[in-house]
RNA sequence: AGGCCAGUAGCUCUAACGGAUAGAGCACCGGACUCCAAAUCCGGGUGUUGGGGGUUCGAAUCCCUCCUGGCCUGCCA
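Residue numbers (the working numbering): 2 to 327.
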């Protein structure tokens, strides 16, 4: 079966942008692919963080993955640092990756600006570790958002360079682009993200979620209730496309354009739809939070299975490199 | 290892000759307005001046030291 790999950083506070853009798609691939999903904690070390919180963040993130339906019976869910082969392969990849290529990565350039006082090698090496994440399992498919396509392309190049120099071991992975709409933050300008603080967390208090949605930016040209709006420029409508049934879209579109429904009505409908979908996940997450042993065991099983696959790849890699066997 | 420069609000920065309550723009928060928002208006500074010690009646400012970042020289694998 074709193999998929994807990872999510342990922010511990997964929001609806993550959910719509990644997690939901991950779930949809379960039946068709052999999926490996990872909480990529080593990636999170590239920026400053509170060491006392990291473990909990990874655990909370894993809980959300499981709660969303990434059933350990159907896929592998694990924490990146539990499978050391990721970082081992990253070192080998470092030796076939041209510096010029990684310097060109827009994420690196952005984060360098953002973390000017901590531009470290790891930040630069991030996409190389990502290539290792994927290729240590020889995964051929990587579900990602638009912004990560560049990194997947770098993985292809790394695979090609490695194969060219040391022998055919790795496939060239392809991005599976989500058709999900890109959800902007509550301020309506940039992508929803934890660091920008413009997010609606899927496990937040219901009242908190409503407050954030209620005060989220809409079509700025629709000033009065009687003004017609333009759903195409409204982040709320984008969210409807993600959460409301297909049939409802045209009606909401029309209602907005003809001012037959107001923005606050539109938000109420959306919130209802959102909660209908998220409530079971929120309830499941709550159960899992109270069953740490189950979650830890799932992660343990995931890591064990993944280590076996990764170890096999690394055996081949070391042989290809011509290293002295232990 | 040595040398030089820098560190002030969430961000970018300016001011304070050793003198009283450390400021501005943006961001943010509260209110008015609004169907909700946006815009606008009103209100709010959110700070251990990187940490510690010293000199002084008084230190962001002067001295020592440590930390962090940048630049340069050297040494080693």
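Don't be surprised by glycine CBs; every beta carbon is placed ideally from N, CA and C.
Are the CB atoms of residue j and residue i within a distance shorter than 8 Å?
i, j, result
"residue 79", "residue 39", "yes"
"residue 264", "residue 237", "yes"
"residue 184", "residue 239", "yes"
"residue 139", "residue 171", "yes"
"residue 234", "residue 63", "no"
"residue 81", "residue 8", "yes"
"residue 179", "residue 26", "yes"
"residue 77", "residue 267", "no"
"residue 150", "residue 177", "no"
"residue 188", "residue 218", "yes"
Once you ignore the five residues that flank residue i on each side, which residues in its own chain have a CB closer than 6 Å to its CB?
i, result
"residue 86", "137, 311, 315"
"residue 113", "120"
"residue 257", "230, 232"
"residue 152", "128, 131"
In angstroms with no decimal places, state the Cα-to-Cα distance between residue i and residue j.
i, j, result
"residue 83", "residue 192", "30 Å"
"residue 203", "residue 145", "20 Å"
"residue 57", "residue 47", "18 Å"
"residue 182", "residue 214", "17 Å"
"residue 102", "residue 127", "12 Å"
"residue 59", "residue 42", "7 Å"
"residue 186", "residue 322", "46 Å"
"residue 305", "residue 173", "25 Å"
"residue 97", "residue 248", "50 Å"
"residue 291", "residue 67", "13 Å"
"residue 302", "residue 90", "22 Å"
"residue 24", "residue 165", "34 Å"
"residue 286", "residue 259", "40 Å"
Which residue's Cα is closest to the Cα of residue i: the options?
i, options, result
"residue 288", "69, 32, 45, 41", "69"
"residue 163", "325, 6, 188, 319", "319"
"residue 45", "67, 71, 62, 12", "12"
"residue 205", "16, 6, 5", "16"
"residue 74", "307, 99, 299, 245", "299"
"residue 61", "49, 27, 14", "14"
"residue 135", "4, 117, 65, 327", "4"
"residue 19", "142, 199, 36, 52", "199"
"residue 65", "196, 10, 217", "10"
In chain order, what residues of the same chain lie with their CB nearer than 8 Å to the CB of residue i, ignoring the 5 residues before and after it?
i, result
"residue 28", "69, 70, 71"
Quiz item: Does the segment 271-281 come within contact of the segment 198-214, defined as at least 3 CB pairs closer than 8 Å?
Solution: Under the three-pair Cβ rule at 8 Å, the segment 271-281 counts as touching the segment 198-214.
Quiz item: Would you call the segment 241-248 and the segment 264-274 touching, i.e. three or more CB-CB distances under 8 Å?
Solution: yes
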